[in-house]
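Some notes on the structure that comes next.
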Amino acid sequence: MALRVFYPPIPPSPGTSDKPKLTLLKAEFGDGYTQTTRAGLNHIRRVLSLNWDRLLPDQAAFIVNFLEAHGGDTSFYYTPSDELRAVKWTCEEWESKKNGNDGCSVSATFEQSFSLET
Numbered sequence: 001m002a003l004r005v006f007y008p009p010i011p012p013s014p015g016t017s018d019k020p021k022l023t024l025l026k027a028e029f030g031d032g033y034t035q036t037t038r039a040g041l042n043h044i045r046r047v048l049s050l051n052w053d054r055l056l057p058d059q060a061a062f063i064v065n066f067l068e069a070h071g072g073d074t075s076f077y078y079t080p081s082d083e084l085r086a087v088k089w090t091c092e093e094w095e096s097k098k099n100g101n102d103g104c105s106v107s108a109t110f111e112q113s114f115s116l117e118t
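Under UniProt numbering, think of the first position of the sequence shown as 1, with each following residue one higher.
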């Protein structure tokens, strides 16, 4: 099955953070010496923290429904703002809030996926 592409109803609010998550193997020895090596080919994984601050209820529902449908374990494509290529992601954490006057906000953390599914 082909991966779906996430097209949010509006771009994320300013302030998106793009933080690397490194996977390293470390061996610590009794004399204080540590030996560190990369854990595999894709040892650097991007983690995006996204916020949509001013959403209508149906826009917030669209984002939450998309993330729920993927259940945290199914990858999807998304092109971050100011980038030209789509990247494969999963999302295990998101939160929606109802603000006053029928406004909503959604925050989500996307983690780069290196799964074999395409």
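Glycine included, every Cβ here is placed at the ideal spot set by N, Cα and C.
For the pair of segments examined, the segment 51-59 was found to touch the segment 11-20: the number of CB pairs separated by less than 8 Å reaches three.
In the DSSP annotation of this structure, N51 is not part of any alpha helix (DSSP H); the continuous beta strand (DSSP E) holding it starts and ends at I44 to L55. Judged by beta-carbon spacing, D18 lies within the 9 Å limit of R46, meaning their Cβ atoms are closer than that value. Ranked by how close their Cα comes to the Cα of Y77, the residues C91, V64 and N65 have C91 in first place. Judged by DSSP secondary structure, E117 falls outside any beta strand (DSSP E); it is assigned neither H nor E. Within the DSSP secondary-structure output, S75 pairs in no beta bridge. Here L41 is exposed, its C-beta having fewer than 16 other C-beta atoms within 10 Å. Here D18 carries a strand assignment [DSSP, helix/strand/coil]. Each of L55, A39, I63 and S81 was checked against the Cα of N101, and the nearest Cα belongs to L55. A residue is called buried once 16 or more other Cβ atoms fall within 10 Å of its Cβ, and I44, having fewer, is exposed.
A residue is called buried when at least 16 other Cβ atoms come within 10 angstroms of its Cβ; A69 does not meet this threshold and is exposed.
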